[in-house]
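Counted the way my numbering counts, the sequence shown spans residues 6 to 736.
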Amino acid sequence: MMQSVDLNMLIEWSNGDKQRAVWIDQGWVYLMDIHSKYGFPVRMSMIEVLQALDSGLAKRMTEDPHAIVIHESEIPDSHLEIRKKAWEIVSWLTDKTRVADLFDSETRGHLIRTAVKKFGTDRKTVEKYLRRYWQRGMTPNALLPDFFKCGVKPANWDPRKCKKLGRPRKFGAVLGDVGMNVDETTRRIMRTGLVMFYWNNPKATLRTAYTQTIETFYVDEYHYDDDGNKIPIIKDQNSIPSFDQFRYYYEISLKVVKEDNRRMGRTQRKLTRRAITHNSMEPGMAPGSVFQIDATVADVYLVSEFNRNWIIGRPVVYIVKDVFSREVVGLYVGLEGPSWLGAMMALSNTVRNKVEFCAEYGITITEDEWNARHFPARLLGDRGELLSDNVIPLIRAFNVEIANTEPYRADQKGIVEQHFRIMHVPVKPFVPGYVDGTVRKRGGRDYRLDATMTLYEFTQFIIRCVLYYNNSPLENYPLDADMVADNLVPIPTKLWEWGMRNRPRVARTMPEDIVKLNLLPRKECSTTRYGIRFEKDLFYTCDLAVQENWFERAIRFGSRKVQIAYDPRDMTRVYLPSEHGRSFEVCELTSASRRYSGKSLDDIRYVWEWQALQKAQLRHSKLQNEVETYAILKDIVSRAEAETKAEASPESDRQKTKDIKKKRAAEKVARRKKEATRLGTQRSATTTLPKAVVAPKGPSAAETNRPMSQLDDELDYLEKLREEMEREFSS
């Protein structure tokens with residue numbers, strides 16, 4: 006595409022030359038080098054210039070290095086006088102009747118000589134004015150003098166040998182206090198003094214640093230006073246820098262940001278001495294673009310709902326605010342936190358129907374009085390709860406951008422921080438038990454004893470404060486042109502409604518259960534044959550696990566890992582989220598873990614710790630019991646072995662193992678007679694069992710050595726007797 010060449014256009018060539026188009030006539034372009042000290046415009050054909058622009062050999066410059074922006078009132082009178090004189094000459098030369106002749110070398114010389122005679126000046130001055138006019142944009146201000154470039158010091162200039170520069174001191178001539186010029190040696194001394202006595206001492210003032218610098222570097226001699234103290238004597242007043250010179254060097258030579266960082270630290274400087282060049286509103290912001298969340302411990306003591314004589318301390322208040330409308334969109338007042346649990350409650354409140362929420366506390370409102378029930382695109386916190394892994398499900402499920410302020414930079418979320426101050430203003434005069442921050446006088450009444458409100462009543466109080474704020478005009482809200490055109494009153498609820506109609510819809514409506522699910526803390530658990538194992542003996546089951554045989558598969562193929570969402574305040578049930586985080590499976594306690602129903606995770610872990618403690622305490626007594634039992638068992642076995650050995654018969658092993666059934670039957674008949682139930686017999690109530698059971702004494706050696714035929718006859722008799730008894734019982 007063919008470009009065009011306009012008058013006063015700047016062109017930069019590939020070799021670095023920069024020229025201005027100062028005249029265009031009949032297919033020719035006259036170009037003036039904007040930095041040349043000598044010479045006049047050169048002529049080039051229009052076609053040649055356009056081809057260079059199209060081919061890239063030249064390009065159009067977008068910035069004019071000679072452009073100046075200055076108001077007439079800011080130009081010194083001496084500069085205006087010079088400009089006036091130069092403009093008379095240049096305006097005469099560039100008159101429309103003569104301007105074409107300036108670009109012809111023959112006629113230009115004649116015009117310049119005529120101007121010299123007409124204005125009574127010299128040729129060099131006329132050429133300088135004309136050249137400056139062409140180079141700097143062909144305006145009257147192009148002829149202003151460059152006095153700011155004047156005053157270059159000679160190479161051999163020594164300030165110590167020259168007259169004092171600057172304004173003379175008021176009484177210098179009378180007092181002989183002329184002062185001194187600051188040379189490089191003095192600058193080094195002042196810089197050293199600033200480093201030693203000012204930068205490295207945050208409590209020192211600039212005047213103190215100056216005094217210590219003079220004492221350290223400008224003392225020639227000392228004398229002693231009457232008490233023997235060594236007193237320094239500083240040099241002559243014309244040989245030391247003044248405090249104004251010391252301060253001037255500090256102001257021009259040191260960067261304010263660097264000095265503040267050194268004296269008070271980078272974080273404190275950003276908090277108290279930063280430049281404030283913008284507000285929290287960003288271009289294109291809409292309701293739900295950014296929510297800010299923060300918590301504070303309320304400055305009031307509460308009493309228990311169960312017994313108003315119990316003081317339960319100070320509650321935690323979480324606030325979530327929308328940056329665009331300044332509306333409070335989420336609220337939690339309770340005893341959790343500041344922690345993730347408190348933040349979870351406040352964030353889940355952002356998507357809740359506020360009419361229903363207020364109704365729980367006996368407050369009736371309409372939808373218009375608190376109309377925010379959405380989730381944001383970006384959530385800003387203060388490096389607390391939002392730095393934990395608990396926010397990961399939130400990011401994955403809702404694509405929420407999580408941001409945190411810098412350390413100790415509460416000002417970066419000043420909208421929600423400022424709300425706590427606004428909230429405490431109405432609380433202080435009305436709420437008994439308020440902590441006013443002053444030191445209680447000795448013998449004065451303890452303000453904690455004035456606590457009268459329960460948590461429920463204080464929540465009602467805070468909700469009323471939020472409703473008042475959300476429906477009241479804001480001060481210093483930055484209304485844009487569209488808002489002004491719609492006569493919009495800066496009320497948070499009205500700003501939210503207007504933004505939802507006129508700005509991009511970035512705020513999203515989410516099911517409350519799904520938001521809560523993704524706000525709950527997560528834990529990786531394992532499937533076992535006993536159920537989904539949360540910790541130790543805390544097991545859960547669900548329909549999905551039963552249908553897919555998770556627990557049976559764990560026996561054959563090993564356990565699998567599953568993510569569980571849980572509320573540590575009640576472990577009766579946990580939740581198995583889907584991969585996309587928008588549905589869930591409810592997991593109930595197994596029958597073996599049903600004893601933990603209704604218990605918090607802290608309570609359950611306390612039981613486990615108590616059991617572990619009991620086990621540790623009983624470890625020694627258990628060991629003692631084991632040792633005693635093993636000793637008794639060994640004693641029984643030893644006695645049995647001794648008696649068996651004493652009554653050993655000469656029978657062979659074959660004979661000993663013969664007729665076991667007959668021997669068992671005889672033993673059974675004998676035991677039946679001894680073990681038979683006899684009711685009505687008298688027994689002592691204090692009868693106790695012996696610690697060791699002594700085996701009944703077996704047959705004597707004489708009996709054992711009886712002939713086998715005689716023993717067989719007795720066994721036959723016992724067997725017949727057993728059969729008769731069985732027939733008797735059966736009849």
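A virtual CB, placed ideally from N, CA and C, is assigned to each residue, including glycine. The model shown is predicted, which means the values in this text are computed figures rather than measured ones.
Q: Along the alpha helix (DSSP H) that carries Cys470, what are the first and last residues, could you check?
A: Leu460 to Asn475
Q) In three-state DSSP terms, what is Gly504? A) helix
Q) Considering only the beta carbon of each residue, do Tyr203 and Tyr255 sit closer than 9 Å? A) yes
Q: May I ask you to list the residues that DSSP assigns as paired with Tyr545?
A: Ile537 and Leu594
Q: Starting from the N-terminal side, write out each stretch of the alpha helix (DSSP H) that is 4 residues or longer and does not extend beyond the region 233-259.
A: 248-258
**Q.** Spatial distance of Ser353 from Glu517 (CA atoms)
**A.** 7 Å
Q: Over the uninterrupted alpha helix (DSSP H) stretch that includes Leu199, give me the two end residues.
A: Glu189 to Leu199
Q) Which of helix, strand or coil does DSSP assign to Thr532? A) strand
Q.
So the candidates are Asn312, Ser330, Leu15 and Asn395; which of them puts its Cα closest to the Cα of Ala456?
A. Asn312
Q: Could I get the ranges of all uninterrupted beta strand (DSSP E) runs contained in the region 44-82, with 3 residues as the minimum, in chain order?
A: 47-50 and 63-65
Q) Is it right to say Ile80 is buried, meaning 16 or more other beta carbons lie within 10 angstroms of its own, or is it exposed? A) exposed
Q: Please report the residue range of the alpha helix (DSSP H) in which Asp327 lies.
A: No alpha helix (DSSP H) holds Asp327; the beta strand (DSSP E) holding it covers Val321 to Asp327.
Q. Count the other CB atoms within 10 Å of the CB of Trp315; is the residue buried (16 or more) or exposed (fewer)?
A. exposed
Q. Does the separation of the CB atoms of Ala303 and Val325 fall below 9 Å?
A. no
Q | Endpoints, beta strand (DSSP E) assigned at Met37 | A | Trp33 to Asp38
(Q) For Tyr134 and Thr67, what's the separation of their Cα atoms in angstroms? (A) 25 Å
Q: Report the option in Trp92, Val27, Lys42 and Gly142 whose CA atom is closest to the CA atom of Leu107.
A: Val27
**Q.** Contact between the region 598-616 and the region 568-582 (3+ Cβ pairs under 8 Å)
**A.** yes
Q | Rounded C-alpha distance that separates Ala747 from Phe124 | A | This structure cannot speak to residue 747, because the chain is shown only from 6 to 736.
Q) Closest by CA to Gly386, which one among Met349, Asp299, Ala364 and Glu310? A) Asp299
Q. What do you get for Cys167, buried or exposed, if any count of 16 or more other CB atoms within 10 angstroms of its CB means buried?
A. exposed
Q.
Quick check on this structure: which residue in Ser596, Lys42 and Trp501 has the alpha carbon closest to the alpha carbon of His379?
A. Trp501
Q) Quick one: any contact between the region 76-92 and the region 36-54, if contact means 3 or more CB pairs under 8 Å? A) no
Q | Met195 versus Pro207 - alpha carbon distance | A | 18 Å
Q) Are the CB atoms of Met458 and Leu340 nearer to each other than 9 Å? A) no
Q) What first and last residue would you give for the beta strand (DSSP E) that runs through Leu340? A) No beta strand (DSSP E) contains Leu340, which DSSP labels as neither H nor E.
**Q.** As assigned by DSSP and simplified to three states, the class of Arg172
**A.** coil
Q) Is the beta carbon of Ile39 sitting closer than 9 Å to the one on Leu149? A) no
Q | Local Cβ density within 10 Å of Gly504, reported as buried at 16 or more and exposed below that | A | buried
Q. Where does His115 sit, in a helix, a strand or coil, going by DSSP?
A. helix
Q: Can you grab the Cα-Cα spacing for the pair Met488 / Trp375, in whole Å?
A: 21 Å
Q. With respect to the beta strand (DSSP E) encompassing Ile298, which residues constitute its N-terminal and C-terminal limits?
A. Phe296 to Val302
Q: Under 8 Å Cβ to Cβ from Ile245, same chain only, skipping five residues before and after it: list those, please.
A: Met185, Ile219, Tyr223 and Ile239
Q.
Taking the alpha helix (DSSP H) that Lys668 belongs to, which residues open and close that run?
A. Ile665 to Glu680
Q.
Need the endpoints of the beta strand (DSSP E) that Lys208 sits in, please.
A. Per DSSP, Lys208 belongs to no beta strand (DSSP E) and is neither H nor E.
Q: Could you tell me the boundaries of the alpha helix (DSSP H) in which Gln629 lies?
A: Arg624 to Ala651
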